[in-house]
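Novice:
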Amino acid sequence: DVKVTQSSRYLVKRTGEKVFLECVQDMDHENMFWYRQDPGLGLRLIYFSYDVKMKEKGDIPEGYSVSREKKERFSLILESASTNQTSMYLCATLTEFSGNTIYFGEGSWLTVV
Amino acid sequence: GESVGLHLPTLSVQEGDNSIINCAYSNSASDYFIWYKQESGKGPQFIIDIRSNMDKRQGQRVTVLLNKTVKHLSLQIAATQPGDSAVYFCAENFYGGSQGNLIFGKGTKLSVKP
Numbered sequence: 439d440v441k442v443t444q445s446s447r448y449l450v451k452r453t454g455e456k457v458f459l460e461c462v463q464d465m466d467h468e469n470m471f472w473y474r475q476d477p478g479l480g481l482r483l484i485y486f487s488y489d490v491k492m493k494e495k496g497d498i499p500e501g502y503s504v505s506r507e508k509k510e511r512f513s514l515i516l517e518s519a520s521t522n523q524t525s526m527y528l529c530a531t532l533t534e535f536s537g538n539t540i541y542f543g544e545g546s547w548l549t550v551v
Numbered sequence: 002g003e004s005v006g007l008h009l010p011t012l013s014v015q016e017g018d019n020s021i022i023n024c025a026y027s028n029s030a031s032d033y034f035i036w037y038k039q040e041s042g043k044g045p046q047f048i049i050d051i052r053s054n055m056d057k058r059q060g061q062r063v064t065v066l067l068n069k070t071v072k073h074l075s076l077q078i079a080a081t082q083p084g085d086s087a088v089y090f091c092a093e094n095f096y097g098g099s100q101g102n103l104i105f106g107k108g109t110k111l112s113v114k115p
């Protein structure tokens, strides 16, 4: 089974704080993704990475950055958290075996106060 | 955190009945489709997928139907159980799109009455 682990399930941060969300996958997949999920808006792609040290902007990259120093780990960084970044953040990985099926982690609930 | 099930269309069924959840996809060039289940407070879970060269695929208690003519996808759940209560959403992908970038539907909330 594909395992995508998000280390922080629930976080509360103050406006202006720097926030790190970590994601680790154990399947040696090249492709990893960060989405945010909001009621009524569905899933929106923030950034993705198709290889170590490589990254591509998704649909809503503003206010976020990412880091992929190792193949198994993809980090999402909020340089200066704002209240409109309160959301559920989902990490995902892409398997090659059955087409473009993305597998998700359990999510990180971030509240910015 | 706020439930992702808010503001979604809801399907309410009796335990033991069959459920049908529908999805209209947007891109006629899409060639791969996936259904996900998301329980409250959890990440989306892969259920079943189908390629555009098929019109039906069956799994355990689930069937996906694809109608390319009208760009419609459906998920049928047989003998719905309380554990099936969740938000279900479809995803589409087309060859040549951003690598791994899927287009996700907003979802339907399935509520199973005991």
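The listed protein sequences correspond, in order, to chains U and L.
End of the first sequence sits at 551 in the working numbering; the numbers just go up one at a time, nothing left out.
End of the second sequence sits at 115 in the working numbering; the numbers just go up one at a time, nothing left out.
Heads up, the beta-carbon is just placed ideally off N, CA and C, and yes, glycines get one too.
Going along the chain, which residues of its own chain have a beta-carbon closer than 7 Å to the beta-carbon of residue 499/U, five neighbours each way excluded?
Specialist: The answer, listed in chain order, is 484, 485.
Novice: So residue 518/U packs on residue 475/U, CB below 8 Å; how close in whole Å?
Specialist: Going by Cβ atoms, the distance from residue 518/U to residue 475/U rounds to 22 Å, so no, they are not a contact pair.
Novice: Can you give me the C-alpha to C-alpha distance between residue 453/U and residue 502/U, rounded to a whole angstrom?
Specialist: Cα-Cα distance, rounded: 14 Å.
Novice: Please determine, among 112/L, 115/L, 106/L, the residue with the shortest C-alpha to C-alpha distance to residue 24/L.
Specialist: It is 106/L whose Cα lies nearest to the Cα of residue 24/L.
Novice: From the DSSP output, in three-state form, read off residue 536/U for me.
Specialist: Here the model assigns residue 536/U a pLDDT of 49, short of 50, so the residue's position is not dependable, and the following value carries that caveat. Coil at residue 536/U, not helix or strand.
Novice: Give a yes or no on whether the minimum CB-CB distance between residue 536/U and chain L is below 8 Å.
Specialist: With a pLDDT of 49 at residue 536/U, under the threshold of 50, the modelled position of this residue cannot be trusted; read the value that follows with caution. Output row for residue 536/U: interface = yes.
Novice: Of all Cβ atoms in chain U, is any one closer than 8 Å to the Cβ of residue 22/L?
Specialist: No, residue 22/L does not count as interfacial toward chain U.
Novice: Which residues in the same chain have their Cβ closer than 6 Å to the Cβ of residue 92/L, if we skip the five residues on either side of it in sequence?
Specialist: Around residue 92/L: 35, 103, 105.
Novice: How many angstroms separate the CA atom of residue 90/L from the CA atom of residue 507/U?
Specialist: Rounded to whole angstroms, residue 90/L to residue 507/U spans 32 Å at the Cα level.
Novice: Rounded to whole angstroms, how far is the Cβ of residue 504/U from the Cβ of residue 487/U, which I believe are closer than 8 Å?
Specialist: Right, the Cβ-Cβ distance comes to about 7 Å (below 8 Å), so this counts as a contact.
Novice: Residue 75/L and residue 13/L: beta carbons closer than 8 Å?
Specialist: Contact flag unset, no.
Novice: Along chain U, in chain order, which residues have C-beta atoms closer than 9 Å to that of residue 110/L?
Specialist: The contacting residues do not exist; residue 110/L stays about 11 Å from chain U at best.
Novice: So which residues on chain L does residue 544/U lean against when the C-beta distance must stay under 7 Å?
Specialist: The answer, in chain order, is 43, 44.
Novice: If I measure Cβ to Cβ from residue 479/U and keep anything under 8 Å in the same chain, skipping five residues before and after, which residues do I get?
Specialist: So no residue of the chain qualifies.
Novice: Starting from residue 73/L, trace the beta strand (DSSP E) both ways and give me its first and last residue.
Specialist: Per DSSP, residue 73/L belongs to the beta strand (DSSP E) from 73-78.
Novice: For residue 528/U, return the contacting residues in chain B, with the cut-off set at a CB-CB distance below 9 Å.
Specialist: This model lacks chain B altogether, as its protein chains are U and L.
Novice: Does the distance from the CB of residue 22/L to the CB of residue 109/L come in under 8 Å?
Specialist: Contact flag set, yes.
Novice: So the candidates are 477/U, 473/U, 462/U; which of them puts its Cα closest to the Cα of residue 497/U?
Specialist: The residue with the shortest Cα to Cα distance from residue 497/U is 473/U.
Novice: Taking buried to mean at least 16 other C-beta atoms within 10 Å of its own C-beta, is residue 458/U buried or exposed?
Specialist: Looking at its Cβ environment, which holds fewer than 16 other Cβ atoms inside 10 Å, residue 458/U is exposed.
Novice: Output the distance between the C-alpha atoms of residue 539/U and residue 450/U, rounded to the nearest integer angstrom.
Specialist: For residue 539/U and residue 450/U, the distance between alpha carbons rounds to 31 Å.
Novice: Work out the CA separation of residue 66/L and residue 87/L for me, nearest whole Å.
Specialist: Cα-Cα distance, rounded: 20 Å.
Novice: How many Å lie between residue 51/L and residue 115/L at the Cα?
Specialist: The straight-line gap from Cα to Cα measures roughly 31 Å.
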